[in-house]
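Undergrad: Protein chains in written order, with this note's numbering: chain A, 1 to 180; chain B, 1001 to 1180.
Number of protein chains: 2
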Amino acid sequence: MAQRNQLKYIILGLLSEKKLTGYDITKAFDSDIGEFWSANHSQIYPLLKRLEDDALITHELELVGEKLEKKLYSITSAGKTVLREWLSEPTPEISATKDEFILKLYFIHSADDPLLLPMLTEQHQLHQAKLTHLKNQMSRKFPDETSQNNLGHFLILQHAIQRETRYTAWLQDIIDKVSR
Amino acid sequence: MAQRNQLKYIILGLLSEKKLTGYDITKAFDSDIGEFWSANHSQIYPLLKRLEDDALITHELELVGEKLEKKLYSITSAGKTVLREWLSEPTPEISATKDEFILKLYFIHSADDPLLLPMLTEQHQLHQAKLTHLKNQMSRKFPDETSQNNLGHFLILQHAIQRETRYTAWLQDIIDKVSR
DNA sequence: GCCTTCATGTAAGAAGTTACATGATTTC
DNA sequence: GAAATCATGTAACTTCTTACATGAAGGC
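And the structure:
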């Protein structure tokens, strides 16, 4: 997606909660945000510089140990405005969910294709593992049933769990039919 | 996703079924494949040239009317091998589903945020429309219950319908809770 | 005749991936 | 002292989007 620079808004969104280093932001894609977006540090560091040039964020230096200087970034009021504007805009596009397995499946024309069953079981295992991971995340982050502090985070986790539950059930259903 | 050139395999996959022009391939992304991948003609035409350089496809010219020459592409046996290899490879990555609405939702922390309800209703409408479209596609392409000719296509349509059904139900559920 | 669709390309630039590169701090 | 993690960057390259550009054929 070489377009609206959504990564920019993710960074602004994260910084609107607390001050973070580039490294912290990079790590966020391994956990929370990783469920629905990805980014590498080589993309993040240059963008942080650009956002600072545009005065949407600033940084202060924090000394760690004796020599290492961390750059602690924080959002400016201009940055908050830009973030809020983005949130306020309509989101009229449903982007195609680029799923390589689904792509491959499209080109399997017959239930007799020997590739089909291995593909299905591989994916079932993957999505089952993901589902387990998501459920762990849920019980770690929202142990009591009231999703008090962060509604959005709760909802996207709930959504991801439902999606993976549905995905694994669908795969299982095909596996049952194919192997019968 | 600047990586494994999956578009290449989509083109090979489409051409393994029948001869197509670049224009036909472009159009395929408006219907069938559009459910789970996107591409513009400006990406397709240069890639067709590259694939022909690599001898994975060839073309013949077909005269339309008096002057217009269409390039009808077809897959070579080398191309078929490459396609089959791709299908045989494991697909061990679940790519993050980049959904801008989910992204925005992540940064809505409270049920009291005035942006929440409009966002939800907008998305509900969008996904409801998509669901209707998908169901129409299904009944147009697979009118009888046996999915005889093209299993893969049937399954991905089924998957998309389930996904959108789940998505709209999830949104409706939140709307009910928020507006109560 | 006019408008829509068919048909094929190129150019510029943004976004994203993979690899290269370096060094400090913490933990065991 | 070694290994893992913290921390920040750049370079090269591919992919993808948006816009520019042109012209033929078909339907009304």
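For each residue, glycine too, the CB sits at the ideal point set by N, CA and C.
This structure is a prediction, so every number in the text was calculated from the model and none was measured.
Apart from the five residues on each side of it in sequence, which residues of its chain come closer than 7 Å, Cβ to Cβ, to residue 1012 of chain B?
TA: Same-chain partners within the cutoff: 1056, 1075, 1079, 1082 and 1083.
Undergrad: Strictly by DSSP, which residues pair up with residue 1057 of chain B?
TA: Beta-bridge pairing links residue 1057 of chain B to B/1075.
Undergrad: What are the residues that DSSP puts in a beta bridge with residue 1069 of chain B?
TA: Residue 1069 of chain B pairs with B/1063.
Undergrad: At a Cβ threshold of 9 Å, is residue 1145 of chain B touching chain A?
TA: Judged by the 9 Å Cβ criterion, residue 1145 of chain B is not in contact with chain A.
Undergrad: Select from the segment 1090–1107 of chain B all residues with a C-beta closer than 9 Å to any C-beta belonging to chain A, and list them in chain order.
TA: Those would be 1090, 1091, 1092, 1093, 1094, 1095, 1096, 1097, 1098, 1099, 1100, 1101, 1102, 1103, 1104, 1105, 1106 and 1107, in chain order.
Undergrad: In angstroms, rounded to a whole number, what distance separates the CA positions of residue 1067 of chain B and residue 1060 of chain B?
TA: About 15 Å.
Undergrad: Since I believe residue 91 of chain A is in contact with residue 1101 of chain B (beta carbons under 8 Å), could you give me their beta-carbon distance rounded to a whole number of angstroms?
TA: About 5 Å; that satisfies the 8 Å criterion.
Undergrad: State the DSSP-derived secondary structure class of residue 12 of chain A, mapped to helix, strand or coil.
TA: Note: residue 12 of chain A maps to helix in three-state DSSP.
Undergrad: Under 9 Å between the Cβ atoms of residue 948 of chain B and residue 1124 of chain B?
TA: Lying outside 1001 to 1180, the shown extent of chain B, residue 948 of chain B is not represented and no answer is given.
Undergrad: Using a Cβ distance threshold of 8 Å, determine whether the segment 1035–1046 of chain B contacts the segment 1162–1169 of chain B, with at least three qualifying pairs required.
TA: Taking 8 Å as the limit for Cβ pairs, the verdict is that the segment 1162–1169 of chain B does not touch the segment 1035–1046 of chain B.
Undergrad: What is the DSSP secondary structure of residue 1020 of chain B, reduced to helix, strand or coil?
TA: The answer is strand: DSSP assigns residue 1020 of chain B an E or B state.
Undergrad: If we ignore side chains and look at the alpha-carbon of each, how far apart do residue 58 of chain A and residue 135 of chain A end up?
TA: The straight-line gap from Cα to Cα measures roughly 36 Å.
Undergrad: Where residue 128 of chain A and residue 1094 of chain B are concerned, what is the direct C-alpha to C-alpha distance, given to the nearest angstrom?
TA: Taking the straight line joining both Cα atoms gives about 11 Å.
Undergrad: Run through DSSP, which three-state label would residue 1086 of chain B get?
TA: Here residue 1086 of chain B sits in helix by DSSP.
Undergrad: Helix, strand or coil: how does DSSP classify residue 1179 of chain B here?
TA: Note: residue 1179 of chain B maps to helix in three-state DSSP.
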